[in-house]
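Chains as they are written, first to last, in this note's numbering: chain H, 45 to 371; chain S, 45 to 371; chain D, 28 to 358; chain U, 28 to 358.
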Ligand SMILES: Cc1ncc(C[n+]2csc(CCOP(=O)(O)OP(=O)(O)O)c2C)c(N)n1
Ligand SMILES: Cc1ncc(C[n+]2csc(CCOP(=O)(O)OP(=O)(O)O)c2C)c(N)n1
Ligand SMILES: [Mg+2]
Ligand SMILES: [Mg+2]
C-alpha cells in the first residue's frame, strides 16, 4: 500500500473525496463551508469537486444537526460539520434524544447513517467557549459511536469507516492537529474499523492509554521515560465507543500498570470510564492504581500561561507513569 | 428538631415556601407551573402563596434556562423547573457554556445563584425521551454543582442549601420518588450542606455508594445481604459535585470493598468517576475491584418488561456485593 | 378542489370524501379505544389523544402520497392513521407488545412506520422540525417530487427549532409543509398566554413564506389549504405554513385534572364544532352519505379496531432481553 | 430628539453629540489598535473588530443609563466602550494580562464589566438572547425602570434562541431592545443567502413587536430609534426590535482571507458610508465641530489608547495557578 506524507487536514479531505466519489448519497452540511473549504480549510478541494454536495447553512446548530438526522432517515449519508465542538450544546437534543435513540426507540425500523464532525480541543487561546473536549457526554449516550483519531492515517481510515457505518458517529478531530503530518495510505479502500485500538509503541513497563491529542503527549512522554529506562506502551484507542477492550487488556496483562490520558477535563472524563472498567475486569493484573491525566477541572482560560497550566502535558504523563512504576 | 412524615414532594414545597418567604429574590420559572402547582404537583401551595413569583413560561427550554441565568446575573435567585430532565438537551448551551462558565470566564466579576430543578429517572413507562438520568454530563462540566437527594429530608435540606448557594446548581429529583415519605425536620433553618454525604446504614463488609433512586435499591439490597450475613454500609452521596470523598474513603477504609450504584446507564456514568477515583486514592485499601451497577447501555424502552430489565435492581446490587465479598 | 368536470371525476371525488370520512372516524374510534384501555390499565405510560383534531390530521394527510414524509408529535396517533398506518401494529405498540410497530420499545409517544413515510412521533415538543428540514433537503438532493410535512402544536410553535427550520426551508425552497395544530392549549397553558401573536400564521411572513389560518375543524378547508401547499411544494416552489385552528377536547394527557379551563368551554367545542359531525353534515347535504351508510362505516371501523385490540391483547410481550437489541446496526 | 427649546438644551445637546462623536472615534481607534497588536502577535487567540459599525454600538448605548443592561457578542469591543468600559482594563484583557477585566481568563470574546451593566461579550452566537430575557424579567420583578439591550448579528438572527427570546419578551412585555447589527455577513456567509427575508425587522411582526430598519451607519438615525425604544421600554410598554443596517469593513476575524467578497465592495462602503465621517460632516454642518476640534479629539483619544496599551504592556501576566481561581464562590 503506497503512502505519502499528508497533514491530518489533507487526509480528511482525501477521504471525503474518495467517499463522495464512491457514494453519491454522501454530502456535507454546515456553516461557512464553501468559501474557504471549511473554516480550517479542512475540506480543501471538495467545494470545487462536488458542487451542491457541500452545503452552507445559516447559523442554526439545532436544525443543522436535525437536518443531518432527517436526511439520514431518508436515504442520504450526511456529514454534519459542527464548526466548533463547543456548539454541540446547541444540538444536544438532535444528537442525543433523536439521532442516538431513533433506531432503538422505533424497534430497528430505520438506520441513522450520520457522521457528526466536530473540531475540538484547546491550545489556540480561544478561551472557554471554543476549546472544549466533550466526548464523554456522548460516550454516556447509548446509541452513538464516538471516534477520535490522532494521526493523519487514522483520520483517513476512520472517517471512511464512519461514513460507511450505518449508525450515528460522533467524530472529533483536534483543531491543533490539523497541520500535523504523517504517512497516509493512498488506497481508496484503506479503512480502519471502528472499535479497533492501535498499539503504536510497544513497551513492557506501563500502558499509556490515550486518544486524540493525548496520543502525542503520550508519545513524547514515552520517549522521555525510555531515557529513564521505563518502557511505556502507547495504546491509541482511536474509537471510544465501541471500545477495543481486548487490546487494552492485553497491554495491561503485559505491563500491569496503566495511565489514561486525555485533554478533556479530568472529572467525569472518559478516563474515568476506562479506569473503572480496567480495575473491574483486570483487578488482579494491576500492580498499581490506574492514574488519570486530563485537564484541570475549570473552563479553558484565555491567557496563554493560564491555558498551558490547565492542559495536560507530557510532564504530567511522565509523572503519573513514574508513580505507577513506583519510581 | 421536631419532625413530621412528609413526601418528597411536600418536603420540596415546604422548603421552597420557606426560602421564598425568607428571600424575596427567589422565584420559580418553568412550563405549566401554576395550574397544577407543577406537572407533578411538586409546588403545592406555592402559586397561591407567592403569586407572580412562580411563573409559567412558553415551551422554550433554551430561553427558560437562559432566562434563569440572566436573572441570576441581575440580582435574583431563580429556580428553573426543567419539566423533565430529558429536555436539558434543549438548554445545554445556557447551562454548560453560559451558567457554568460565566463566573470563571469573567474573572469572578459576578455570581450565578441559579438552581436548575430537574425531575429525572425511569420506571414510569415513559420511554426513551422522558426517563433519563443525565447527571454525568454535568459532573463533567466545570462550574456546575450537582445535587441528587433521595429521602424527603435530604430534599428539604439540600434544596434550601442549593437556593442559598451563590453558584449554579443542577438539582435532580427522581420522578418515582415524589410520593415516597419520610421524616422531615420542621426547622426552617434545616440545611444540609452541599458536599456532605450521609452514611445511612452502617456495615463492615462492603460499601454501597449511591444516590437518588440508587439509595433505595441499596437499602433493599443491604437488608437482603444482612440475611446472608453480609453487613453492607450504605453511603448516600447526596451531592456529586462537590463530592464528599472523605466520607467515601473512611467507609472504604473500613469495608475494603465497594459497589457504586446509580440508575443512569453504566458506561460513562458517575459510577465510573467514583470507581476511578477510589482505586486511585485507595488502591491499597481495596480487597476487590470496585463494581458498578447502573442501567444497561440502551435508551429506556417503553414496555414494562423491557424497562424493568434495563434498570438496575436490588438483585443486581446484591450480586455485585457478593462478588466483591468473594461469596 | 379536485380537477373539475366529468362523472368519473365526481365519482372519484365522492370516493375520496368518503375515505376521508372513514379515516376521521377511524382516528376518533382509535383514540376512544386508547383512552378506554388506558383507563383500564392496559396501556402503560401516558398517552395524548387527538380527539377533536381529526380534520387536521386527516385533511392534511389526504393530500399526501405514500412516499411523502410526515414528522409527527407526542399527539400522533391521528397522523399515523391518516397516513395509512396499520391499526393492529399501532395498538400492539401502545400495549407494549412484541408485535407492535417498535416491538414495544416506543409506545404511544414513539409509534412510527417508516415504510409509509412516518419519520416518527416524537416525545420532544418541536422535535420533528429539525428532522423535517433534513427530509426536505434529502428530497431536493435526490431530485424526487416527494413532499415533507411536519405537524406541531401551538405550544411547540414557541420553541427555537421552529424558527431555524422555517428559515432553512425558506432559503433552500424545500418542499416542506409546516402544519401547526393550534388546539388552544399546550398542556395547561393557553395559546393566548404563551404566544405573542393570536394568529401563528402571521409568523410566516418573517420567512417570506405563505402562511394561512384555516378552520382546522373543517376538513375540507384543511384539505384545500394542504392541496395547494402540496402542489406548491411538489412544483419546487418551496414551503408553506398552515395554521389549523382547532381544539383539544380531551385533557393534555389521559388523566389530566384540567384545572386550567372550564368544562363548559370543552362542551361548547364538542357540541358545536365537532369536525366529524360537521363533515358528516356536509356529506349528507351533498347526498354522499346516508345515515345508514355512516352507521355501516362506523360498524366496519369498530370491527377493525376491535380486531386490532384483540391482536394486541393476544400478542406476546417482548422477551426482557430483547431490550438489548436494535440499538446499533453494527454494535 | 432632545426636548426642544432653550439655549441650555442646545448646549446639552451639543455636548451629547460631541460625546457621541468622541466615543465613536474611541471605538475606531481602539479597534485599529487591537488589529495592529493582533497582527504584531501581542494579542493571543482571535479577535473580531467592529470597525465601520460604530454608529450602531454608540448610537444605541448613548441612550442608556449606567444601570441599564447590555448583552454583547463576539464582536463586542464597541458595545463595551460605548457603555463606558475602561480602556485600560479592556486592553489588558485582550493582551491576557492579570489587570484585565477578567484577569486574563476571558480575552476579546469574553470581556465584560458587570459594574456598568455589561452582561458579557459572548463566544456563542446568539448567546446573549436567552440571557437578556432573564435581565428583562429581573427588571420587571424588581420593579425598576432599567432597560436591557441585546446586540446580535444577522447570522445570529437565524438561531432558535432569537425566536424564543422575542416571544418571551413580547408576552411578558419585558423592557428589552433587540438590536440586530445587520452587517451583511456572518463569517463567510452573506445575509442575503442565510436569511429568508431581506429586512430582518419584518420578523418583529410575528411577535406583535414594533420592528424598524435603520440606516445603521447614521448614528443620529440609530439614536432616534433607540431613544424611542428605550422610552417605550422604560414606560413598561415592552420590547422593540431594531435592525441597524451596516457593514463589516474588516474580515470576520483578523486574518480572514475574505474570499467571499470583492475588495471593491468593502472599499465602496469605507469611502461612501463611513459612520464617523458621515457624523463628522453633520457636526461640521451644524457648526458643532471644527477641523481643529476634531483633530484635538483624535489626539486625546489616541493618547488614551496609547496609555491603555502601555498599561496593558506593563501589566503582569496572571500566575499560572490563578487558573484555578474564580470558578465557584463556595468551592
Ligand atoms: C422540549 C419539550 N418540552 C416540554 C415537553 C413536555 N410537553 C409535552 S407535550 C407539551 C405541550 C405541547 O403543547 P402543543 O405543542 O400545543 O401540543 P398539544 O399537546 O397541544 O398537541 C409539553 C409541555 C416536551 N415533551 N418536550
Ligand atoms: C452557536 C455558534 N455557532 C457558530 C459560531 C461561530 N461563529 C462565530 S461568529 C460567526 C458569525 C456571526 O455572524 P453575525 O451574527 O452576523 O455577527 P457578525 O460576526 O457579523 O458580527 C460564527 C458562525 C459561534 N461562535 N457560535
Ligand atoms: Mg396545543
Ligand atoms: Mg453579521
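Don't be surprised by glycine CBs; every beta carbon is placed ideally from N, CA and C.
Cβ-based burial, residue 203 of chain D [other Cβ within 10 Å; buried from 16]: Taking the third chain and counting its residues from 1, the one referred to as residue 203 of chain D is at position 176. Answer is buried; the Cβ neighbour count reaches 16.
Any heavy atom of ligand 2 within a distance shorter than 7 Å of the CB on residue 212 of chain D? Taking the first residue of the third chain as position 1, residue 212 of chain D is located at position 185. Not under cutoff, so the answer is no.
Interface partners of residue 71 of chain S on chain U, CB under 8 Å: Indexing the second chain from 1 puts residue 71 of chain S at position 27. Neighbours of residue 71 of chain S on chain U, chain order: 168.
Just to confirm, are residue 129 of chain U and residue 150 of chain S a CB contact at a threshold of 8 Å? Here residue 129 of chain U refers to the residue found at position 102 of the fourth chain. Here residue 150 of chain S refers to the residue found at position 106 of the second chain. In contact: residue 129 of chain U and residue 150 of chain S (Cβ atoms closer than 8 Å).
Is residue 130 of chain H near ligand 4, in the sense that its beta carbon is under 7 Å from a heavy atom of that ligand? Indexing the first chain from 1 puts residue 130 of chain H at position 86. Every heavy atom of ligand 4 is 7 Å or more from the Cβ of residue 130 of chain H, so no.
Helix, strand or coil at residue 289 of chain S according to DSSP, with G and I counted as helix: In the second chain, residue 289 of chain S corresponds to position 245, counting from 1. DSSP places residue 289 of chain S in helix when its eight states are reduced to three.
Which of helix, strand or coil DSSP assigns to residue 347 of chain U: Working through the fourth chain from its first residue, we reach residue 347 of chain U at position 320. Here residue 347 of chain U sits in helix by DSSP.
Whose C-beta lies closer than 7 Å to the C-beta of residue 280 of chain U among residues of the same chain, with five residues either side of it excluded? Within the fourth chain, numbered from 1, the residue matching residue 280 of chain U stands at position 253. For residue 280 of chain U, same chain residues with a beta-carbon under 7 Å away, outside a window of 5 residues either side, are 73, 74, 75 in chain order.
Give the DSSP bridge partners of residue 240 of chain U, in chain order. The residue labelled residue 240 of chain U in the question sits at position 213 within the fourth chain. For residue 240 of chain U, which the question treats as bridged, DSSP gives the partners U:270.
Should residue 160 of chain U and residue 111 of chain S be called a contact, given that it needs their Cβ atoms to be closer than 8 Å? For the purposes of this step, residue 160 of chain U is taken as residue 133 along the fourth chain, with counting starting at 1. For the purposes of this step, residue 111 of chain S is taken as residue 67 along the second chain, with counting starting at 1. Taking 8 Å as the Cβ cut-off, residue 160 of chain U and residue 111 of chain S qualify as a contacting pair.
Cβ distance (whole Å) where residue 85 of chain U is taken to contact residue 145 of chain U below 8 Å: For the purposes of this step, residue 85 of chain U is identified with residue 58 of the fourth chain, where counting begins at 1. For the purposes of this step, residue 145 of chain U is identified with residue 118 of the fourth chain, where counting begins at 1. About 15 Å; that fails the 8 Å criterion.
Any C-beta of chain S sitting closer than 8 Å to the C-beta of residue 161 of chain U? If you number the fourth chain from 1, residue 161 of chain U lands on position 134. Yes, contact with chain S.
Does the distance between the C-beta of residue 179 of chain D and the nearest non-hydrogen atom of ligand 1 fall short of 7 Å? Mapped onto the third chain, residue 179 of chain D falls at position 152. Residue 179 of chain D: yes, Cβ under 7 Å from ligand 1.
Under 7 Å, CB to CB, which of the residues in the segment 94-109 of chain H have a partner in chain U? 100, 102, 103, 104, 106
Find the residues of chain S that neighbour residue 111 of chain U, judging by a C-beta separation of less than 7 Å, and give them in chain order. Here residue 111 of chain U refers to the residue found at position 84 of the fourth chain. None at all; the shortest Cβ gap to chain S is about 15 Å.
Can you tell me where the alpha helix (DSSP H) holding residue 262 of chain S begins and where it ends? Here residue 262 of chain S refers to the residue found at position 218 of the second chain. Its alpha helix (DSSP H) spans residues 257-271.
Run the proximity test for residue 163 of chain U: is its beta-carbon closer than 7 Å to any non-hydrogen atom belonging to ligand 4? Indexing the fourth chain from 1 puts residue 163 of chain U at position 136. For ligand 4, not one heavy atom lies less than 7 Å from the Cβ of residue 163 of chain U.
Selected residue, minimal CA-CA separation from residue 213 of chain D, among D:192, D:353, D:153, D:200: As a first step, residue 213 of chain D is located in the third chain; it is residue number 186 there, counting from the start. Comparing Cα-Cα distances from residue 213 of chain D to each of D:192, D:353, D:153, D:200, the minimum goes to D:153.
Could you tell me whether any Cβ in chain S is nearer than 8 Å to the Cβ of residue 185 of chain D? In the third chain, counting from the first residue as 1, residue 185 of chain D sits at position 158. Yes, because at least one Cβ of chain S sits closer than 8 Å to the Cβ of residue 185 of chain D.
Proximal residues of chain S, C-beta to C-beta of residue 147 of chain U below 7 Å: Start at 1 with the first residue of the fourth chain, and residue 147 of chain U comes out as number 120. Per Cβ cutoff of 7 Å: 146, 150.
Per DSSP, which residues does residue 162 of chain H bridge with? Please list them. Counted from its first residue, the first chain places residue 162 of chain H at position 118. Paired residue(s): H:216.
Verify the CB distance criterion: does residue 231 of chain D have a CB-CB separation below 8 Å to chain H? Here the question's residue 231 of chain D lines up with position 204 in the third chain. For residue 231 of chain D, no CB of chain H lies under 8 Å from its own CB, so it is not counted at the interface with that chain.
Compile a chain-ordered list of the residues in the segment 204-219 of chain U whose CB is closer than 9 Å to at least one CB of chain H. 213, 214, 215, 216
At a Cβ cut of 9 Å, what residues of the segment 169-180 of chain S count as close to chain B, listed as they run along the chain? No chain B is part of this structure, whose protein chains are labelled H, S, D and U.
Span of the alpha helix (DSSP H), counted from its first residue to its last, around residue 161 of chain D: As a first step, residue 161 of chain D must be located in the third chain, where it is residue number 134. Where residue 161 of chain D is concerned, the enclosing alpha helix (DSSP H) stretches over 155-169.
Return the first residue and the last residue of the beta strand (DSSP E) that residue 185 of chain D is part of. Here residue 185 of chain D corresponds to residue number 158 of the third chain, with the count starting at 1. From DSSP, residue 185 of chain D is part of no beta strand (DSSP E); its letter is neither H nor E.
List the endpoints of the continuous beta strand (DSSP E) containing residue 357 of chain D. As a working mapping, residue 357 of chain D is identified with position 330 in the third chain. Taken as a continuous stretch (DSSP letters only), residue 357 of chain D belongs to no beta strand (DSSP E), as it is neither H nor E.
Per DSSP, the bridge partner or partners of residue 220 of chain U: Looking up residue 220 of chain U in the fourth chain gives position 193. None, per the DSSP bridge assignment.
Helix, strand or coil for residue 283 of chain H per DSSP? Here residue 283 of chain H refers to the residue found at position 239 of the first chain. Three-state DSSP puts residue 283 of chain H in a strand.
For a test of your reading of the model: does the CB of residue 278 of chain D fall under 7 Å from any non-hydrogen atom of ligand 3? Yes or no. Along the third chain, read from residue 1 onward, the residue named residue 278 of chain D stands at position 251. No - ligand 3 has no heavy atom lying nearer than 7 Å to the Cβ of residue 278 of chain D.
Euclidean distance between Cα positions of residue 139 of chain U and residue 264 of chain U: Sequence index remark: in the fourth chain, residue 139 of chain U carries index 112 (1-based). Sequence index remark: in the fourth chain, residue 264 of chain U carries index 237 (1-based). Their Cα atoms are separated by approximately 28 Å.
Determine the contact status of residue 239 of chain H and residue 353 of chain D, defining contact as a CB-CB distance below 8 Å. Taking the first chain and counting its residues from 1, one reaches residue 239 of chain H at position 195. Taking the third chain and counting its residues from 1, one reaches residue 353 of chain D at position 326. For residue 239 of chain H and residue 353 of chain D, no; Cβs fall outside 8 Å.
CB-CB under 6 Å to residue 55 of chain S, same chain, minus the five flanking residues each way: which ones, in chain order? Indexing the second chain from 1 puts residue 55 of chain S at position 11. These residues qualify, in order along the chain: 196, 199, 200, 228.
Residues in the same chain with beta-carbon distance under 8 Å from residue 127 of chain S, minus the five sequence neighbours each way, listed in chain order, please. Here the question's residue 127 of chain S lines up with position 83 in the second chain. Cβ neighbours of residue 127 of chain S beyond the five flanking positions: 74, 75, 76, 83, 105, 163.
Note down the Cα distance separating residue 191 of chain S from residue 285 of chain S, rounded to an integer number of angstroms. Numbered from its first residue, the second chain carries residue 191 of chain S at position 147. Numbered from its first residue, the second chain carries residue 285 of chain S at position 241. Going from the Cα of residue 191 of chain S to the Cα of residue 285 of chain S covers about 7 Å.
For residue 141 of chain S, which of helix, strand or coil comes out of DSSP? In the second chain, the residue the question calls residue 141 of chain S occupies position 97. Residue 141 of chain S: helix per DSSP, three-state reduction.
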